[in-house]
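Written out below as structure tokens is the structure these notes cover.
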Amino acid sequence: MKSGNSIKIAFFILAFLVIGRISAQPVTIPIETKDNALVLQTDNDNRLWIVYFGDKLLNTTDYAAVSKQYSFPEGNSGIYNNAYTASGTWNLSEPALQITHADGNPSTELKYVSFEKQNETENVTLTKIKLRDPVYKLDVDLYYKVWINENVIEQWTEITNNEKADVVLNKYASANLFFHTKSFYLTSFQGEYLKEMQPVEEKLTQGIKSIESKLGTRAMLLGTPNFILSVDGPAKENSGQVVLGQLAWSGNYKLDFEITSNKTLRLIAGINPYESAYSLAAGASFKTPSLIYTVSNSGTGQASRQLQSWARKYRVLKGEGERLTLLNNWEATYFDFDEPKLTALFNDAKSLGVDLFLLDDGWFGNKYPRNNDDAGLGDWQENVKKLPHNIGYLVKEAKAAGVKFGIWIEPEMVNPKSELYEKHQDWVIRQPERPEKYYRNQLVLDLSNPEVQNFVFGIVDGLFTKNPELAFIKWDCNAVIYNAYSEYLAKNKIPQTHLYVDYVKGLYAVLQRIRTKYPSVSMMLCSGGGGRADYELLKYFTEFWPSDDTEPVERIFLQWNYSYFFPSITTDCHVTDWGKQPIKFRVDVASMGKLGFDIVANKLNKDDLVFCQDAIKNYDSFKDIVWHGTQYRLASPYENPVASIAYVNDDKSKAIMFTYLHSTRFMENATERPIGVNGLDVTKKYKIKEINLYPGAVSGINSNQIYSGDFLMNVGINPIVNAKRSSVVLEITEVK
Ligand code: DGJ
Numbered sequence: 050m051k052s053g054n055s056i057k058i059a060f061f062i063l064a065f066l067v068i069g070r071i072s073a074q075p076v077t078i079p080i081e082t083k084d085n086a087l088v089l090q091t092d093n094d095n096r097l098w099i100v101y102f103g104d105k106l107l108n109t110t111d112y113a114a115v116s117k118q119y120s121f122p123e124g125n126s127g128i129y130n131n132a133y134t135a136s137g138t139w140n141l142s143e144p145a146l147q148i149t150h151a152d153g154n155p156s157t158e159l160k161y162v163s164f165e166k167q168n169e170t171e172n173v174t175l176t177k178i179k180l181r182d183p184v185y186k187l188d189v190d191l192y193y194k195v196w197i198n199e200n201v202i203e204q205w206t207e208i209t210n211n212e213k214a215d216v217v218l219n220k221y222a223s224a225n226l227f228f229h230t231k232s233f234y235l236t237s238f239q240g241e242y243l244k245e246m247q248p249v250e251e252k253l254t255q256g257i258k259s260i261e262s263k264l265g266t267r268a269m270l271l272g273t274p275n276f277i278l279s280v281d282g283p284a285k286e287n288s289g290q291v292v293l294g295q296l297a298w299s300g301n302y303k304l305d306f307e308i309t310s311n312k313t314l315r316l317i318a319g320i321n322p323y324e325s326a327y328s329l330a331a332g333a334s335f336k337t338p339s340l341i342y343t344v345s346n347s348g349t350g351q352a353s354r355q356l357q358s359w360a361r362k363y364r365v366l367k368g369e370g371e372r373l374t375l376l377n378n379w380e381a382t383y384f385d386f387d388e389p390k391l392t393a394l395f396n397d398a399k400s401l402g403v404d405l406f407l408l409d410d411g412w413f414g415n416k417y418p419r420n421n422d423d424a425g426l427g428d429w430q431e432n433v434k435k436l437p438h439n440i441g442y443l444v445k446e447a448k449a450a451g452v453k454f455g456i457w458i459e460p461e462m463v464n465p466k467s468e469l470y471e472k473h474q475d476w477v478i479r480q481p482e483r484p485e486k487y488y489r490n491q492l493v494l495d496l497s498n499p500e501v502q503n504f505v506f507g508i509v510d511g512l513f514t515k516n517p518e519l520a521f522i523k524w525d526c527n528a529v530i531y532n533a534y535s536e537y538l539a540k541n542k543i544p545q546t547h548l549y550v551d552y553v554k555g556l557y558a559v560l561q562r563i564r565t566k567y568p569s570v571s572m573m574l575c576s577g578g579g580g581r582a583d584y585e586l587l588k589y590f591t592e593f594w595p596s597d598d599t600e601p602v603e604r605i606f607l608q609w610n611y612s613y614f615f616p617s618i619t620t621d622c623h624v625t626d627w628g629k630q631p632i633k634f635r636v637d638v639a640s641m642g643k644l645g646f647d648i649v650a651n652k653l654n655k656d657d658l659v660f661c662q663d664a665i666k667n668y669d670s671f672k673d674i675v676w677h678g679t680q681y682r683l684a685s686p687y688e689n690p691v692a693s694i695a696y697v698n699d700d701k702s703k704a705i706m707f708t709y710l711h712s713t714r715f716m717e718n719a720t721e722r723p724i725g726v727n728g729l730d731v732t733k734k735y736k737i738k739e740i741n742l743y744p745g746a747v748s749g750i751n752s753n754q755i756y757s758g759d760f761l762m763n764v765g766i767n768p769i770v771n772a773k774r775s776s777v778v779l780e781i782t783e784v785k
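Under this note's numbering, the letters of the sequence shown match residues 50 to 785, in that order.
Structure (structure tokens):
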């Protein structure tokens, strides 16, 4: 009798659970931007799925029915569109989350608990979705921050360990996305030193295509965490659906693009799990970096404009502010300078008309003077032979000459030939039992160690405290991490697999301290060129150095590629002596970003100097449009012998258009056709004037003719570039 009752009770409980599940209403969570929607929905088992990624629907209630329109075959396929795929249960596809629980169990399952949406401003919403393992006390919160008008989503994850002891995060992605459509093209950006950011587009086929870095520091040297995903065909500039994104993390990253057996696409992006298992103490949370992406239904041009506008308004330090044009001495002197040489260069900077003089590498080290790149890094005291009167004297002299003063540092690094290395081998990332391996004769300091963080902060703080008028810092980072091992972590019994992650967190902590004390001084993010440029570091830096390759034709391509993701105000472009192009070509190309010079100005011939002086004045007159206006890529250097880019101001009353002939082929020596100028107002009338003319040159452009915006956008203008006029800058101004 007793047992019969228990059976009945058990039956009722089971029936209740089953009915409860069957009758549970799916929860539908739309994450909407102005034009697009990412929609998540629960099933009867309270699992959370991505059911839609596409155009925003007019009625939010319509999203609830979307999932019923898909009937992919059963089997493994059911798990493909999980909102955050955990491993160790019935999921066999690439996981976003892989955890070893406190009791050693490797399985995790995530069920929906709740969601909340806040309207932070009229343009910004933040949605948080809570998931929980029904067996283990583990919470996973998915965050989606949306900038509605810019169609930008920032997505990250927070994992909280509520178990009784440490859990190990073996893989902990920032985001797990899913796309139902059928055919996908991925553009990734690969490269090497001097060849950074080279786009490669490929059709994705079943299986996983990964883009990743294991370099630790200088993580973006060989590839970047940026991508363009195009749906149903290769990416186009002005049409088609594209997703353009970046993992904002300055260390090892991994983005997996997996085409499933249904030909759908899963994207799992985050910190590279390579040697990075992370122990999470009981009660602690881990916040992943962000995946930032924008969706456009009008091609890459619109996507870039959305991302650039978002970056300027909401992300980059002083993104809507001003920048300083400069003269840098790196290529003018390399390590060979002294006070008289430098003070003479201040006068050159003034005579050119730039705002600031930037002193590069080589100013420090006494026991081991920094006279080339194999000594001195780490010893941040002025070299008494080169600079007997210290930096303070240079700041003062620069001011007297009428320019501001900036300085180069590489604070995360050390040369084995340095006093710092002699004193603090324990601060250096190295395998104590193995031979050292150097990258540019140097090693990386261990930023997981708080003492090293203090040291790095102290370098910057010391410079500013002694020289309050210091106006600019170039922060370099020239080595990758070899022989990853931290004495600090070992001493503190923290797993070595924390090093790659804690290094980056340590770097951010130092930068946060710097920015708390010095909120607005301009700082250039440099990593030997191209090794670092991401939207986490750009919270602290005003600009970055895209590449040491300043050959201007190469630069047209490089700047074009960076512009998919970054606004011109962040992109430092210096005129140097690289290449065979005339000074006009070099200055015009550099004027498409934040302009600087790295030449021996007093060796310029008279006309070249006059040209530079005038071009800097012109730049000062239109830099507001290049820095804060809207960019339109008009003619791709990859598809044409000419390249053309325009920048348009907000009320469309003024635009600057740059056009170059980059091909040297005999039969491709001129613009045969007009180039349509995007972004103007069809109803306005415009005049066109050629500027940045070399002394004595006569423009082929009729500056008296009046064009309608309609004409310029639909017919276009021929800037008449040819072998003799290989670079043309046009100022397009509204006529009232
Ligand atoms: C690499 C940078 O990219 C260069 O501009 C220069 O600053 C050197 N480092 C100095 O060592």
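For every residue, glycine included, the Cβ atom is placed at its ideal position computed from N, Cα and C. Since this is a predicted model, take the numbers as computed values, not measurements.
Please classify residue i: does DSSP put it in a helix, a strand, or coil?
{"i": "Lys-231", "result": "coil"}
{"i": "Phe-65", "result": "Annotation note: pLDDT 33 at Phe-65 (below 50); position unreliable, coordinate value reported separately. Correct three-state label for Phe-65: helix."}
{"i": "Asn-689", "result": "coil"}
{"i": "Pro-499", "result": "helix"}
{"i": "Glu-592", "result": "strand"}
{"i": "Asn-219", "result": "strand"}
{"i": "Ala-684", "result": "strand"}
{"i": "Val-452", "result": "coil"}
{"i": "Pro-601", "result": "helix"}
{"i": "Arg-372", "result": "coil"}
{"i": "Ser-72", "result": "Below a pLDDT of 50, predicted positions are generally treated as unreliable, and Ser-72, at 39, falls in that range; no measurement from the model is reported."}
{"i": "Pro-79", "result": "strand"}
{"i": "Gly-103", "result": "strand"}
{"i": "Asn-767", "result": "coil"}
{"i": "Arg-315", "result": "strand"}
{"i": "Gln-90", "result": "strand"}
{"i": "Phe-384", "result": "coil"}
Given the structure, does residue i come close to the ligand DGJ, in the sense that its CB is under 7 Å from one of the ligand's heavy atoms?
{"i": "Asn-168", "result": "no"}
{"i": "Ala-575", "result": "This sequence places Cys at residue 575; Ala is not what is there. Yes, the ligand DGJ has a heavy atom inside 7 Å of this Cβ."}
{"i": "Gly-578", "result": "yes"}
{"i": "Asp-428", "result": "no"}
{"i": "Asn-527", "result": "yes"}
{"i": "Trp-627", "result": "no"}
{"i": "Trp-594", "result": "yes"}
{"i": "Asp-410", "result": "yes"}
{"i": "Asp-597", "result": "yes"}
{"i": "Trp-379", "result": "yes"}
{"i": "Asp-397", "result": "no"}
{"i": "Trp-457", "result": "yes"}
{"i": "Asp-422", "result": "yes"}
Keeping to the same chain, check which residues put their C-beta closer than 6 Å to that of residue i; ignore five residues upstream and five downstream.
{"i": "Tyr-119", "result": "none"}
{"i": "Thr-343", "result": "Asn-200, Val-201, Leu-293, Ala-352, Gln-355, Leu-356"}
{"i": "Trp-429", "result": "Phe-413, Ile-508"}
{"i": "Glu-592", "result": "Met-573, Thr-619, Asp-621, Lys-643"}
{"i": "Glu-600", "result": "Trp-627, Gly-628"}
What do you reckon, are the CB atoms on residue i and residue j nearer than 8 Å?
{"i": "Thr-24", "j": "Tyr-161", "result": "What is shown of the chain runs 50 to 785, which leaves residue 24 out entirely."}
{"i": "Ser-347", "j": "Ser-288", "result": "yes"}
{"i": "Asn-301", "j": "Ser-262", "result": "yes"}
{"i": "Arg-581", "j": "Ser-299", "result": "yes"}
{"i": "Ile-769", "j": "Val-777", "result": "yes"}
{"i": "Gly-455", "j": "Leu-405", "result": "yes"}
{"i": "Val-649", "j": "Gly-628", "result": "no"}
{"i": "Tyr-681", "j": "Asn-727", "result": "yes"}
{"i": "Ala-222", "j": "Thr-337", "result": "yes"}
Leaving out five residues before and five after residue i in sequence, what residues of the same chain have Cβ atoms less than 7 Å from its Cβ?
{"i": "Ala-333", "result": "Asn-210"}
{"i": "Asp-1", "result": "The question about residue 1 has no answer, for the chain in this structure spans 50 to 785."}
Could you check how far apart the C-beta atoms of residue i and residue j are, in whole angstroms? I think they sit under 8 Å.
{"i": "Ala-360", "j": "Tyr-584", "result": "7 Å"}
{"i": "Val-291", "j": "Ser-345", "result": "5 Å"}
{"i": "Phe-671", "j": "Ile-705", "result": "5 Å"}
{"i": "Thr-206", "j": "Asp-182", "result": "Contact doesn't hold; Cβ gap of about 14 Å is too wide."}
{"i": "Leu-146", "j": "Val-189", "result": "7 Å"}
{"i": "Gly-577", "j": "Tyr-242", "result": "7 Å"}
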